[in-house]
Amino acid sequence: MTEKENAAVQKASLCYSINMLRLLLSMQLITEEEYNRILRHTAEHYDPQKKICLVS
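In structure tokens form, the structure reads like this:
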């Protein structure tokens with residue numbers, strides 16, 4: 003896999019993770035605090051250089 007393809011997979015994985023978290027939050031299966039904590043952890047995992055900004 004090329005670097006460009008890997009970056010695309012990482013971005014898609016991050017988007018999927020965020021959308022799943024939003025779904026869990028909307029179904030009230032996780033709290034707002036849990037959502038924010040997991041979101042920060044997920045962003046750090048997929049973007050360790052912190053090049054993205056996540057706004058809820």
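In my numbering, the protein residues as written are 3 to 58.
The beta carbon of each residue, even a glycine, is placed where N, CA and C say it ideally should be.
Predicted, not measured: the structure shown is a model, and the values here were computed from it.
GLU7 versus ALA14: straight-line alpha-carbon distance, rounded = Taking the first residue of the sequence shown as position 1, residue 7 is located at position 5. Taking the first residue of the sequence shown as position 1, residue 14 is located at position 12. Spanning the two alpha carbons is a distance of roughly 11 Å.
As assigned by DSSP and simplified to three states, the class of GLN75 = Nothing about residue 75 can be reported from this structure: the residues present for the chain run from 3 to 58 only.
Alpha helix (DSSP H) containing GLN30: first to last residue?
-> Position 28 of the sequence shown, counted from the start, is the residue given in the question as residue 30. It is not in any alpha helix (DSSP H) - GLN30 carries neither H nor E in the DSSP assignment.
Is TYR37 near LEU23, with beta carbons less than 8 Å apart?
-> Along the sequence shown, read from residue 1 onward, the residue named residue 37 stands at position 35. Along the sequence shown, read from residue 1 onward, the residue named residue 23 stands at position 21. Taking 8 Å as the Cβ cut-off, TYR37 and LEU23 qualify as a contacting pair.
Determine the DSSP secondary structure at THR4, reduced to helix, strand or coil.
-> In the sequence shown, counting from the first residue as 1, residue 4 sits at position 2. Correct three-state label for THR4: coil.
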